[in-house]
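Participant:
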Amino acid sequence: MSRRPQCPHGPNGTEPGAMGQRGNGTGRAAEGCGAVSVAFPLTMMITGIVGNALAMLLVSRSYRAKESRRKRSFLLCIGSLALTDLLGQLLTSPIVISVYLSNRAWDAVDPSGRLCAFFGFSMTVFGLCPLFIASAMAVERTLAIRAPHWYASHMKTRVTRTVLLGVWLAVAAFALLPVAGLGQYALQWPGTWCFISTSDSRLTGSLFFASTFAVLGLLSLVVTVACNLATIEALVSRCRTKATASRSSKQWGRITTETLIQLLGIMCVLSACWSPLLITMLKMIFSHTSFEHCRGFSDEAQSSELHKECNFFLTAVRLASLNQILDPWVYLLLRKILLQKFCQAANAVSKCSNNEWKERSITLSEEIRRTAA
């Protein structure tokens, strides 16, 4: 049985969720760190499953409601995103937790390498699909705000289903390219998860596959951010044009504020979770390096520098996996709660300032009366 790497000294000691988890120590070292480490991916898995299952339940109820017919395309996108994240958690997290608890090297658990290929395939599919669905939702919102007449006449639920099915099939076909010999999935440091290999990036197939994954991910982020900014700009402009009527102005002001907060939250979460991993992958590809080599350095100076880079890569993987847990909360579950609390706080501040001004006015008028008397 091959040796395992020593437990790295990174924070939490794991890569949680569907985007990969960290391994245990060498041999029996798992007794010292594995029991603590396994709690983190287990907690992340449970949190992700509960959040996405709850989001799917709420979307299902809203979709069947008669008053939600105009929102069905958006609800389909949210439901598909929650389903994708849920499947990602269910298909990958149990594998990593099993490797933890077995206290065995991956080669002993998966001598044929088929489990590693399945794990890498799952990570690719459930990494790109949420990004593409988020982009589709951003485009859908932009069309609904900036081209409402075209949206009402052309954007049917059938079109939404076709787009979502196309996203899943296209990403699955892309993730199967290593089966055809174009690219490969490899065991990643510290030995309990698999992902796209960048160690052979000088080969045309591996370079194409790894770089295409990173470029597609970054392009989807750019599309999402650009569409959300366009939506915000259109809402603000429309709010200003409706400033003549008091009721309409207040209503559009509230809608604009709520949408602005949500869209900014979506952009911040997506960018913070995915940019580090995608940029790091491109850096590795064009520098012909790989974190698969994190297990093999003996020189102290080199291993110290490499250790920092490996920890940064693991942090980037954690952030990417965290996105699967945050998606249902950012898009649906916390939307009304957070926005209501924000509006209540704003109203409370406004009322306090108004009451304080009234009290000052009353006090001033009383002093004037006394002086006059």
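Numbering (UniProt numbering), first residue to last: 1 to 373.
The beta-carbon is built from N, C-alpha and C at its ideal position, and this holds for glycine as well.
Every value quoted in this text rests on a predicted model; they were computed, and no experiment measured them.
Measuring CA to CA, which of S62, S290 and V125 is closest to A175?
Facilitator: Among S62, S290 and V125, the Cα nearest to that of A175 is on V125.
Participant: Kindly list the residues whose CB is nearer than 7 Å to the CB of R72, restricted to its own chain and excluding five residues on each side of it in sequence; keep chain order.
Facilitator: For R72, where only same-chain residues beyond five positions count, the Cβ hits under 7 Å are Y63 and T157.
Participant: If the criterion is Cβ atoms closer than 7 Å, does the pair I133 and L169 meet it?
Facilitator: No, these two residues do not count as a Cβ contact at 7 Å.
Participant: May I ask which residues mark the beginning and end of the alpha helix (DSSP H) holding Y151?
Facilitator: Counting along the chain, the alpha helix (DSSP H) containing Y151 begins and ends at P148 to H154.
Participant: Below 8 Å on the Cβ atoms is my guess for L326 versus V269; work out the distance and round it to an integer in Å.
Facilitator: Contact holds; Cβ gap of about 5 Å.
Participant: Name the DSSP beta bridge partners of W193, please?
Facilitator: Q188.
Participant: Please check the pair G265 and V225, which I expect to be a contact at CB under 8 Å, by giving their CB distance rounded to whole angstroms.
Facilitator: Contact doesn't hold; Cβ gap of about 13 Å is too wide.
Participant: Please classify I196 as buried or exposed, where buried requires at least 16 neighbouring CB atoms within 10 angstroms.
Facilitator: That one is buried.
Participant: Exposed or buried, which one is V159 when buried takes at least 16 other CB atoms within 10 Å?
Facilitator: Per the 10 Å Cβ criterion, exposed.
Participant: Which residue marks the beginning of the alpha helix (DSSP H) containing T204, and which one marks its end?
Facilitator: First-last of the alpha helix (DSSP H) with T204: T204 to T241.
Participant: Among the residues of its own chain, which have a CB less than 6 Å from the CB of G120, if the five just before and after it don't count?
Facilitator: Taken in chain order, the residues that qualify are Y185, C194 and F195.
Participant: Is it buried or exposed for S220, if we count other Cβ within 10 angstroms and need 16 for buried?
Facilitator: S220 comes out buried.
Participant: Hey, S199 and S290: beta-carbon distance below 7 Å or not?
Facilitator: Yes, Cβ-Cβ distance for S199 and S290 is below 7 Å.
Participant: Can you grab the Cα-Cα spacing for the pair Y100 / T212, in whole Å?
Facilitator: Cα-Cα distance, rounded: 31 Å.
Participant: Excluding the five sequence neighbours on either side, which residues of its own chain have a C-beta within less than 7 Å of the C-beta of L216, listed in chain order?
Facilitator: Once the five neighbours on either side are set aside, the close Cβ partners of L216 are L128.
Participant: Compare the C-alpha of L229 against each of T204, V109, T142 and A117 and name the closest.
Facilitator: Of the listed residues, the one whose Cα sits closest to L229 is T142.
Participant: Apart from the five residues on each side of it in sequence, which residues of its chain come closer than 6 Å, Cβ to Cβ, to L282?
Facilitator: A214, listed in sequence order.
Participant: If you draw a straight line from the alpha carbon of V317 to that of K308, how long is it in whole angstroms?
Facilitator: About 14 Å.
Participant: Exposed or buried, L86, counting other C-beta atoms within 10 Å across all chains shown (16 or more means buried)?
Facilitator: Under this definition L86 is a buried residue.
Participant: Kindly give me the distance between the Cβ atoms of residue 432 and L218, rounded to whole angstroms, as I take these residues to be in contact under 8 Å.
Facilitator: With the chain represented from 1 up to 373, any question about residue 432 goes unanswered, as that position is not in the structure.
Participant: Compute the distance between the beta-carbons of G205 and L187, then report whether it is under 7 Å.
Facilitator: Not closer than 7 Å, so no.
Participant: Measuring alpha carbon to alpha carbon, tell me which residue in T47, R161 and D107 is nearest S93.
Facilitator: Looking at the Cα atoms, T47 is the closest of the given residues.
Participant: Which of the three DSSP states, helix, strand or coil, is assigned to L169?
Facilitator: Helix.
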